[in-house]
Structures are given as structure tokens and as C-alpha cells.
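Take the sequence shown: its position 23, counting from 1, is numbered 23 in UniProt numbering, and each next residue is one higher. From the three backbone atoms N, C-alpha and C, an ideal C-beta is built for every residue, glycine too.
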Amino acid sequence: MTALLHEFQDELKFTFGLVDIDANAELTVRFNADVPVVAWGERILFRHFFDEAILRQALQHG
């Protein structure tokens, strides 16, 4: 999923960071069965699979 996010960075003008959920007990409980997870702020955009349409909608329309 990281490679796919990199593909869209220049076009959609965003940055992202990786978070190790195993380093945070709360995140492990919340997301352990759902990785990878892509969030924008507190909003979960997608889990398990990359979704270009959702990424574009979130970044272009908030």
C-alpha cells in the first residue's frame, strides 16, 4: 500500500507517515485485524485494500 500512496503523492500533493501499531497498545487493539489502514486525520479512509477513488475524494473534497 505504501508504494501505491507514493504513486499518487505528486499528483494529489499530500504527505504521509507510517505508524507502527505494535508500538502502541491502543492502536494494536483498534487496528490489529485491519492492517494496513489509511487514515486522514482521525478519519479512516480504507482498510486492507487501497481505494484510489476514496483517496481522491478525501484529498480533493475533504
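Beta-carbon spacing of residue i, residue j below 8 Å
i   : j   : result
L12 : R56 : yes
T28 : D22 : yes
L45 : A39 : yes
F31 : M1  : no
Assigned exposure category for residue i - 16 Cβ within 10 Å defines buried
i   : result
A58 : buried
V19 : exposed
Practice task
With a floor of 4 residues, list each alpha helix (DSSP H) that falls wholly inside the stretch 10-57, ordered by position along the chain.
Solution key: 25-31
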